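J.: Encoded as C-alpha cells, here's the structure I'll be asking about.
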RNA sequence: GGCCCGUUCGUCUAGGGGUUAGGACAUCAGAUUUUCAUUCUGGUAACAGGGGUUCGAUUCCCCUACGGGCUACCA
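Numbering (the working numbering), first residue to last: 84 to 600.
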C-alpha cells in the first residue's frame, strides 16, 4: 500500500432496509477513505434475484444521503469511471474469470442438483456432522473432476444446470493479515469448495466482490465479521486469479449486539425495546411490515453518525461529541474494537441531546416552525412563529428535551393558553387576597413599558409586598394561572416570551375560570 | 458438532508488566433552582477462571469457561 490512492466501497445487497450495522460499516469505510484523501464508492450487490426487495436500493441511497455518508461514485451518486456499479448489470463480466479458474485447474464444473446436495446435508446432519463440499468428498460427486470430459461437454450442451466451484487445495495453511485482528490462519481442509458461478449464470458474492474490487481498484475492503470464515476462500480466489499482490487489505468489523441478552442486533429487538434499528422509516412491500427509523424518530443525522461511530471505535481521547469532519480527522482502523458492541438506546439519545445543545437556537427555531404552525393551527403571520418568539422558546426548552420534535409537546403551554388548572396547587396555595393581588399584578403588568423578565420579576415582587404577600407564596400560583401546571420553564423568562398582552390575557382568563369564592 | 473471532464497571470504552485501573451512559446521594428540567459535587460499580513466563501480571503465552460469527447455487 504505498502511493496507491485509497479506495473503499460499501457494497450492500438490496434485500431490505439497511440495518444500522450496515450504516456503521459504510461510515467506517467512508471515514477511512476521507481520512486518507481517497475515494469511497457505493456498489449494489444484487446477484441474488430471489431476495431482491423493491425499494431497498433507493432506501440505501437515501439513508447514506441523510447520514452525510456520500460516495463520490456509484449507484445513485454518479461519478467514477468504473460503471456499472450494480452487479446485475455486470453479469457478463464474471463468467470469464470463473472459466479462467477452471482452465488453470483451480475450479471445476459441478452438476449436482440442489436436491442431491440437500439429501447429503440431511444425511450428514443425522450422523451429527456437517456436510461440506470439499476435497474429501468432491471425487464422489458429479463434476468435471469425476466425469469424463465428453460427458461434461455433452451435459453442458444438453443444457444441464451446473455451477462452477472453487477447487480448494488440501493440507495448506492460508494466512492473511486482517487490519483489525492481525494475522489469521486457516487450514484449507476446513474451507469448502465454494460456488463461484451459479447455475443461472450469476456470480456468487465470493466471486463477484473479488472481481469488482479488483476491477474497481479497491484498496481496503471493510466489512462485517460474518465474512471472516469465508476470507480464506477469498484469498485463494485472488491468488489463483493472479491478483494476490494487488488484493485489498481486509478489515473485519465486530458486530452490533442486542442491548440485552445475547446475539446480534435485529429488527425484533428494536420493536421489543422501542428503538429504531434502521436509519429511515421503512414499509416493507413484501411483508407489509413497518419499521421505524432514526430520522423520523427525530434524530439529527450528525448525532446518529456520531453515536454509530462510537459503537466499536473511539478516538483514544475523552472527547465524545464529534462532527463528521472531526470524525474523519480522528478516525483510525487501529482504534476499532475487536469484540462486538451491545447497542445502548439510552446513550444514543444522549448523543442527540448533546448535538441539540450545541445547535444554535435560530437553526432549531427554523426547523420546528412548520410543525409548530401545523400542531397549533397558527396562521403564518402569527407572532408565535416569528424568529424572535421561536428562538426564545427554544432557548427556554432546550435543556428539557433530547429531541427537537419534543419541544412543542413539552412546551405546548408556551404556544397556547391553558384550559385547565392544577387543582392541587390552587387549593393548597390560594388564600385571602390572592385574587386582588393578581388583579393588581395584571393591571400593573399591562402598563409595564420595558417588558423584560427582569422588570416583570421586580414588579411581581413589588406588588406582592404591597399586598402583604411573600413572593414565594404566590409564585407557584402565578405559574399555574399562566400555564395551568406546576412544573415548567423559568417563570419570568416565560413571561417575557409571552409578552405583555398574552401574559395579561392569561391572568385575566385564569382568574375567571378558576372561579374561587 | 466443526472452524474462526472475541472477553476491563449493568452498557460503551481508556489503559497497559509495577496505576488510587481513567472517562461516558445508566444508577444513587447532596448542592443550586420558587417547581420540573438543566448545572455542579460526590458515591456504588470492572480486568471471566486456572496454569505458566517474570522480581512482579489485569496487561505476554497456554488451557478452560463463557459469548459471538460462519458452516447455502444468501449476502
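From the three backbone atoms N, C-alpha and C, an ideal C-beta is built for every residue, glycine too.
Please read all numbers here as calculations on a predicted model, not as lab measurements.
Quick check on residue 133: does DSSP put it in helix, strand or coil?
T.: The answer is helix: DSSP assigns residue 133 an H, G or I state.
J.: Considering only their Cβ atoms, is the gap separating residue 303 from residue 332 smaller than 8 Å?
T.: Against a cut-off of 8 Å, the Cβ pair of residue 303 and residue 332 comes out as a contact.
J.: Looking only at its chain, what residues have a beta carbon closer than 6 Å to the beta carbon of residue 326, apart from the 5 residues adjacent to it on each side?
T.: These residues qualify, in order along the chain: 297.
J.: Using 10 angstroms around the beta-carbon of residue 84, count the other beta-carbons present and answer buried if the total reaches 16, otherwise exposed.
T.: Confidence is the limiting factor: at residue 84 the pLDDT is only 45, short of 50, which leaves the residue's position unreliable, though a coordinate-based value still follows. Under this definition residue 84 is an exposed residue.
J.: Mind checking which residues open and close the beta strand (DSSP E) that includes residue 582?
T.: Unbroken run through residue 582 is the alpha helix (DSSP H), 574 to 597; no beta strand (DSSP E).
J.: I'd like the span of the beta strand (DSSP E) that includes residue 190, first residue to last.
T.: Per DSSP, residue 190 belongs to the beta strand (DSSP E) from 190 to 193.
J.: Can you give me the C-alpha to C-alpha distance between residue 150 and residue 282, rounded to a whole angstrom?
T.: In a straight line, the C-alpha of residue 150 is about 38 Å away from that of residue 282.
J.: By the 10 Å Cβ neighbour count, where 16 or more other Cβ atoms means buried, how is residue 222 classified, buried or exposed?
T.: It counts as exposed.
J.: Distance check for residue 311 and residue 137, CA to CA, integer angstroms please.
T.: Straight-line Cα distance between these residues: approximately 29 Å.
J.: Could you tell me which residues DSSP pairs with residue 270 in its beta bridges?
T.: 256, per the DSSP bridge assignment.
J.: Report yes if the C-beta distance between residue 173 and residue 295 is below 8 Å; otherwise report no.
T.: For residue 173 and residue 295, yes; Cβs fall inside 8 Å.
J.: Going by DSSP, what residue range makes up the beta strand (DSSP E) through residue 334?
T.: Note, residue 334: beta strand (DSSP E), 332 to 336.
J.: Using the C-alpha atoms, what's the distance from residue 187 back to residue 322?
T.: Cα to Cα, residue 322 sits roughly 12 Å from residue 187.
J.: Would you say the stretch 117 to 132 touches the stretch 166 to 186, given that touching needs at least three Cβ pairs under 8 Å?
T.: At 8 Å Cβ cutoff, the stretches touch.
J.: Leaving out five residues on either side along the sequence, give the residues of the same chain with a beta carbon under 8 Å from the beta carbon of residue 91.
T.: Excluding positions up to five away in sequence, the list reads 112, 113, 115, 116, 121, 122, 123, 124, 301, 302, 303, 304, 305.
J.: Buried or exposed: where does residue 466 fall if 16 or more other Cβ atoms within 10 Å of its Cβ makes it buried?
T.: Exposed.
J.: Between which residues of its own chain and residue 162 is the CB-CB distance below 6 Å, once the five residues before and five after are set aside?
T.: Excluding residues within five positions, the ones whose Cβ falls inside 6 Å are 155, 156.
J.: If I measure Cβ to Cβ from residue 309 and keep anything under 8 Å in the same chain, skipping five residues before and after, which residues do I get?
T.: Within the same chain, residue 309 has close Cβ partners 338.
J.: Can you list the beta strand (DSSP E) stretches of 3 or more residues lying completely in the stretch 305 to 366, in chain order?
T.: Qualifying beta strand (DSSP E) stretches, in chain order: 332 to 336.
J.: Between the alpha carbons of residue 569 and residue 384, how many angstroms are there, rounded?
T.: Rounded to whole angstroms, residue 569 to residue 384 spans 35 Å at the Cα level.
J.: Work out the CA separation of residue 290 and residue 181 for me, nearest whole Å.
T.: Going from the Cα of residue 181 to the Cα of residue 290 covers about 8 Å.
J.: Looking at the secondary structure, which residues open and close the alpha helix (DSSP H) in which residue 479 lies?
T.: Taken as a continuous stretch (DSSP letters only), the alpha helix (DSSP H) holding residue 479 covers 470 to 480.
J.: Just mark residue 484 as buried or exposed, buried being the case when its beta carbon has 16 or more other beta carbons within 10 Å.
T.: Under this definition residue 484 is a buried residue.
J.: Taking just the CA atoms, how far does residue 580 sit from residue 475?
T.: Roughly 6 Å between the two C-alpha positions.
J.: Tell me whether the beta-carbon of residue 315 lies closer than 8 Å to the beta-carbon of residue 358.
T.: Not in contact: residue 315 and residue 358 (Cβ atoms no closer than 8 Å).
J.: Nearest to residue 426 by CA position, among 454, 342, 361, is which residue?
T.: Of the candidates 454, 342, 361, the one whose C-alpha sits nearest the C-alpha of residue 426 is 342.
J.: Going by DSSP in three states, residue 283 sits in which element: helix, strand or coil?
T.: Reduced to three states, the DSSP call for residue 283 is coil.
J.: Between the Cα of residue 495 and the Cα atoms of 454, 152, 232, which residue gives the shortest distance?
T.: Taking only the C-alpha atoms, the option nearest residue 495 is 454.
J.: Looking at residue 590 and residue 497, is the spacing between their C-beta atoms short of 8 Å?
T.: It is not a contact, given that the beta carbons lie outside the stated cut-off.
J.: Looking at the structure shown, is residue 516 part of a helix, part of a strand, or coil, going by DSSP?
T.: Three-state DSSP puts residue 516 in coil, outside helix and strand.
J.: With DSSP run on the structure shown, which of helix, strand or coil describes residue 231?
T.: In the structure shown, residue 231 sits in coil (DSSP, three-state: anything other than H, G, I, E or B).
J.: I believe residue 216 touches residue 275 by the beta-carbon criterion, under 8 Å. Please report the beta-carbon distance rounded to the nearest angstrom.
T.: Yes, they are in contact, since the Cβ atoms of residue 216 and residue 275 sit about 5 Å apart, within 8 Å.
J.: For a test of the three-state rule: what should DSSP assign to residue 302, helix, strand or coil?
T.: In the structure shown, residue 302 sits in coil (DSSP, three-state: anything other than H, G, I, E or B).
J.: Could you give the DSSP three-state label for residue 601: helix, strand or coil?
T.: No answer is possible for residue 601: it lies beyond the span of the chain, which begins at 84 and ends at 600.
J.: Three Cβ pairs or more, each shorter than 8 Å: is that satisfied between the stretch 237 to 252 and the stretch 198 to 206?
T.: Not touching, per the Cβ criterion.
J.: From this set, 506, 557, 503, which residue's C-alpha is nearest residue 516's C-alpha?
T.: Out of 506, 557, 503, 557 has the C-alpha closest to the C-alpha of residue 516.
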